[in-house]
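S.K.: Residues in the sequence shown are numbered from 8 upward in steps of one, following this note's numbering.
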Amino acid sequence: MSGGAPEVRAEAGAAERRSRNPIRRLYDWVLGFAGRPSGPLALFLLAAAEAVFFPIPPDVLLIPLSLGRPSRALRFALLCTVGSVGGALLGYWAGSTLYDTIGRPILELYGYGEVYRTVGSLYRQNLVVALGSAGFTPIPYKVFTIAAGGFKVPLLPFVAISAVSRGARFFLVAGLLRAFGEPVRDFIDRYFNVLTVALVVLIVAGFLAVHWLLGGG
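1. If you follow the alpha helix (DSSP H) that D35 is part of, which residue opens it and which one closes it?
2. Select from V37, G75 and S140 the residue whose C-alpha is nearest the C-alpha of A175.
3. So R162 and Y99 are supposed to be a Cβ contact under 8 Å. How far apart are they, rounded?
4. My output table needs one value for E115: the three-state DSSP class, helix, strand or coil.
5. Apart from the five residues just before and just after P6, which ones in its own chain have a Cβ nearer than 6 Å to its Cβ?
6. Decide if the segment 66-82 is in contact with the segment 100-113; the criterion is three or more beta carbon pairs, one per stretch, under 8 Å apart.
7. Pop quiz: R185 and A80 are said to be a contact at Cβ under 8 Å. What is the actual Cβ separation, rounded to whole angstroms?
8. For a test of the three-state rule: what should DSSP assign to F60, helix, strand or coil?
9. Please check the pair A137 and V126, which I expect to be a contact at CB under 8 Å, by giving their CB distance rounded to whole angstroms.
10. Are the CB atoms of A49 and G94 within a distance shorter than 8 Å?
11. Using the Cβ count rule (16 or more neighbours within 10 Å means buried), how would you classify A45?
12. Since G90 and F51 are thought to touch, with beta carbons under 8 Å apart, how far apart are those beta carbons, to the nearest angstrom?
13. Taking Y106 as the reference, which of R82, G157 and P145 has the closest Cα?
14. Exposed or buried, A22, counting other C-beta atoms within 10 Å across all chains shown (16 or more means buried)?
15. Just mark G120 as buried or exposed, buried being the case when its beta carbon has 16 or more other beta carbons within 10 Å.
16. Using only the alpha-carbon positions, how far apart do A155 and L72 sit?
17. Which of the three DSSP states is assigned to T144 in this structure?
18. Does the beta-carbon of Y117 have 16 or more other beta-carbons within 10 angstroms, so that it is buried, or is it exposed?
19. In terms of alpha-carbon separation, which member of V166, I168 and T152 lies closest to V122?
20. Where do the N-terminal and C-terminal ends of the alpha helix (DSSP H) with Y123 fall, by residue?
21. How would you label G188, buried or exposed, when you count the other beta carbons within 10 angstroms and need 16 or more for buried?
22. Using a 10 Å radius around the Cβ and a threshold of 16 neighbouring Cβ atoms, would you call I70 buried or exposed?
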């Protein structure tokens, strides 16, 4: 009995540290919606909020929802996409019209001021590449949305490319989970970056090909 006491105390200490971590509490709170009837609505709102200010990505809820109801996985991905693009419009507005009152405080809250300027530079270099990869890079999507408004990215290309990029990310996750179920969860965790890089290349190449075919040079 006494031999297990240190392990028990260590586990209790780890649990206490997790409970004190605000991001962990938010993470656990989001996961709590996976088993509720309001889960899909929460997924939609989470995707919208994450595109503007919320720190937890919608994948956290998309994965358990898709595993719990595989037949609806693609529907959940669509909800994620629509919510994310809707939130992206709010982020764009926060960057273009309300930067001083909303956009900048959000960036400063997370310490993303320098990242914001980096994204602005990416937009100036190649809008298609920057937006096409926005759904997959380690840079939080909210920085891309606020920067798009702040650096006056044209709205229609922003919406169109964001929808394809974000949709590709969510449908990739949901499609794999629907096809293979729980066994593919570890695969997604381990190789998600490789998969997303491949998708980014395909997405950007597709947009560049369309641009060239339409006479963009």
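A virtual CB, placed ideally from N, CA and C, is assigned to each residue, including glycine.
M.R.: The relevant details are as follows:
1. P29 to L38
2. S140
3. Contrary to the premise, residue 162 reads as Leu rather than Arg in this sequence. Right, the Cβ-Cβ distance comes to about 7 Å (below 8 Å), so this counts as a contact.
4. helix
5. What is shown of the chain runs 8 to 224, which leaves residue 6 out entirely.
6. no
7. Your pair R185 and A80 checks out as a contact, with CB atoms roughly 4 Å apart and the cut at 8 Å.
8. Annotated three-state conformation of F60 is coil, per DSSP.
9. 7 Å
10. no
11. According to the sequence as given, residue 45 is Ser; it is not Ala. Looking at its Cβ environment, which holds fewer than 16 other Cβ atoms inside 10 Å, S45 is exposed.
12. 4 Å
13. G157
14. Unreliable placement is indicated for A22, whose pLDDT of 47 sits below 50; the coordinate value is still reported in the next sentence. When all chains shown are included, A22 counts as exposed.
15. exposed
16. 31 Å
17. Coil at T144, not helix or strand.
18. exposed
19. T152
20. G120 to Q132 is the span of the alpha helix (DSSP H), which, as asked, contains Y123.
21. exposed
22. It is buried - the Cβ of I70 has at least 16 other Cβ atoms within 10 Å.
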